[in-house]
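**Q** Take a look at this one; I'll ask things after.
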Amino acid sequence: ELNIRGDLVGYDADLARSMALTWGVEVNFIQVTRQPERLAELLLTGAVDMLVAAQVHQRGLDSIMEFSHTYYLGEQAIMVRRDDSIESPNDLANKRIGVVIASPAEDAVGNWLRRSGFSVEIKTFLTLDQAYTALALGEIDGLVDSDYRLRQVSINQPDAIRVLAQPIELEPFAIAFVRQDASMRDLVNRTLQHLTNTGRMNEIHQAYFP
Numbered sequence: 037e038l039n040i041r042g043d044l045v046g047y048d049a050d051l052a053r054s055m056a057l058t059w060g061v062e063v064n065f066i067q068v069t070r071q072p073e074r075l076a077e078l079l080l081t082g083a084v085d086m087l088v089a090a091q092v093h094q095r096g097l098d099s100i101m102e103f104s105h106t107y108y109l110g111e112q113a114i115m116v117r118r119d120d121s122i123e124s125p126n127d128l129a130n131k132r133i134g135v136v137i138a139s140p141a142e143d144a145v146g147n148w149l150r151r152s153g154f155s156v157e158i159k160t161f162l163t164l165d166q167a168y169t170a171l172a173l174g175e176i177d178g179l180v181d182s183d184y185r186l187r188q189v190s191i192n193q194p195d196a197i198r199v200l201a202q203p204i205e206l207e208p209f210a211i212a213f214v215r216q217d218a219s220m221r222d223l224v225n226r227t228l229q230h231l232t233n234t235g236r237m238n239e240i241h242q243a244y245f246p
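Numbering-wise, the numbering used here comes out as the position in the sequence shown, counting from 1, plus 36.
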C-alpha cells in the first residue's frame, strides 16, 4: 500500500527492494492488473521483468508464466465470532458465509464447496469492513479472506473473534517471470535462498507478520 508520504510499503515491496539491493540495481514499481493473461502479456513485452505482487502460484498459470520457489505460504482462512461453537470448516455446512465480491476469497469458497460437496449460503460484500460488520452483527456465521487481512480488519477487537486453525485453501506466493526463462528462475531462487540464509527474509516476515 501507499503510506502517508506516497511511498510503497509492504511485504512484497520490501522483498523486491532487498532483491534489487542484492543485485546492485534500482527497483522500479509498476502498478499491474490481477488478470493472468494481462500479466503474462506485460512480462512478454518487457513492461515488467518480474511480478512480486502477492502472486499466488496456481498450477493453471504454469502454461503462461514461470514461477520461483514459494517465499510465503498464506491461506484463505475462516473467521467466526469468539462465542460461536464452530471449530472447523465442516461446521459451516448449511450456514451463511461472507466474502468480498470478485476476490480470491470468493474463488476459494467456490473451490472448497466443489471439493466438499457442502451447501452454504454465500453473502457477498463490497468491502471487507462491511463483511466484518455483518459477522459482528450475526448476519453471517463465518467470514472468508486471507489470514492476514482477517487479522488486520479485526485488530481493534481481537477478543471478539476467532480464526479457525484449518484454512479452506493454501496460497503459495511466488515471484513470476517470463515462461521458460531458466536463467531468471535460477537467479531469483538463489537470491531468495541468499536472503533466507542472511536472515533478511525473517526480518521482512517479522515486520509484517509478527
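A virtual CB, placed ideally from N, CA and C, is assigned to each residue, including glycine.
(1) Do the stretch 99–109 and the stretch 159–166 make contact, defined as three or more Cβ pairs closer than 8 Å?
(2) Hey, how far is the Cα of I100 from the Cα of Y47?
(3) May I have a chain-ordered list of the beta strand (DSSP E) segments no shorter than 3 residues that lie completely inside the stretch 119–188?
(4) Measure from the alpha carbon of E175 to the alpha carbon of each residue in T69, R53, K131, then state which is nearest.
(5) Could you tell me whether the stretch 116–134 touches the stretch 175–190, using the rule of 3 or more Cβ pairs below 8 Å?
(6) Do we get a CB-CB distance below 7 Å when we pair L149 with the residues of chain C?
(7) Using only alpha-carbon positions, find the residue among P140, I66, R41, A141 that is nearest to A52.
(8) Between the stretch 135–155 and the stretch 198–210, are three or more C-beta pairs nearer than 8 Å?
(9) Determine the extent of the beta strand (DSSP E) in which L206 is found, giving its start and end residues.
(10) What separation, rounded to the nearest whole angstrom, lies between the Cα atoms of V88 and V136?
(11) If I follow the unbroken alpha helix (DSSP H) through V224, where does it start and stop?
(12) Suppose contacts are defined by Cβ-Cβ distances below 7 Å. Is A83 in contact with V199 by that definition?
(13) Strictly by DSSP, which residues pair up with I191?
(14) Between I240 and D50, which are expected to be in contact by the criterion C-beta below 8 Å, what is the C-beta distance as a whole number of angstroms?
(15) Provide the residue span of the beta strand (DSSP E) that contains A83, from first to last.
(16) Identify the continuous beta strand (DSSP E) that holds L109 and give its terminal residues.
(17) Put I100 into one of helix, strand or coil per three-state DSSP.
(18) What is the C-beta distance between R117 and I197, in whole angstroms, given that I count them as a contact (C-beta under 8 Å)?
(19) Suppose you measure from the CA of D120 to the CA of A129; what does that come to, to the nearest Å?
(20) Mind reading off the beta-carbon distance from A212 to Q91? Whole number of angstroms is fine, and I expect it under 8 Å.
(21) Since S190 contacts M115 with CB under 8 Å, what's their CB separation in whole angstroms?
**A** Quick answer:
(1) no
(2) As a first step, residue 100 must be located in the sequence shown, where it is residue number 64. As a first step, residue 47 must be located in the sequence shown, where it is residue number 11. Those two C-alpha atoms are separated by around 25 Å.
(3) 132–136, 157–161, 178–182
(4) Working through the sequence shown from its first residue, we reach residue 175 at position 139. For the residues T69, R53, K131, the minimum Cα distance to E175 belongs to K131.
(5) yes
(6) In the displayed structure, chain C is absent; only one protein chain is listed.
(7) Residue numbering aside, residue 52 sits at position 16 when the sequence shown is read from its first letter. The candidate whose alpha carbon is nearest that of A52 is I66.
(8) yes
(9) Here residue 206 refers to the residue found at position 170 when the sequence shown is read from its first residue. Element bounds for L206: 205–209.
(10) Within the sequence shown, residue 88 is the residue found at index 52, counting from 1. Within the sequence shown, residue 136 is the residue found at index 100, counting from 1. C-alpha separation (whole angstroms): 23 Å.
(11) Position 188 of the sequence shown holds residue 224. Here the alpha helix (DSSP H) through V224 covers 218–233.
(12) Indexing the sequence shown from 1 puts residue 83 at position 47. Indexing the sequence shown from 1 puts residue 199 at position 163. Contact: no.
(13) Translated into positions along the sequence shown, residue 191 becomes position 155. Answer is none; I191 lacks a bridge partner.
(14) Your numbering for residue 240 matches position 204 in the sequence shown. Your numbering for residue 50 matches position 14 in the sequence shown. Going by Cβ atoms, the distance from I240 to D50 rounds to 5 Å, so yes, they are a contact pair.
(15) Counting from 1 along the sequence shown, the entry for residue 83 is found at position 47. Unbroken run through A83: none, as it is neither H nor E.
(16) The count along the sequence shown starts at 1 and reaches residue 109 at position 73. Counting along the chain, the beta strand (DSSP E) containing L109 begins and ends at 108–117.
(17) Indexing the sequence shown from 1 puts residue 100 at position 64. The answer is coil: DSSP assigns I100 none of H, G, I, E or B.
(18) Start at 1 with the first residue of the sequence shown, and residue 117 comes out as number 81. Start at 1 with the first residue of the sequence shown, and residue 197 comes out as number 161. Correct: roughly 6 Å between the Cβ atoms.
(19) In the sequence shown, counting from the first residue as 1, residue 120 sits at position 84. In the sequence shown, counting from the first residue as 1, residue 129 sits at position 93. Rounded to the nearest angstrom, the two C-alpha atoms are 14 Å apart.
(20) Residue mapping note: residue 212 aligns to position 176 of the sequence shown, counting from 1. Residue mapping note: residue 91 aligns to position 55 of the sequence shown, counting from 1. Right, the Cβ-Cβ distance comes to about 5 Å (below 8 Å), so this counts as a contact.
(21) As a first step, residue 190 is located in the sequence shown; it is residue number 154 there, counting from the start. As a first step, residue 115 is located in the sequence shown; it is residue number 79 there, counting from the start. At roughly 7 Å, the Cβ-Cβ gap stays under 8 Å, so S190 and M115 are in contact.
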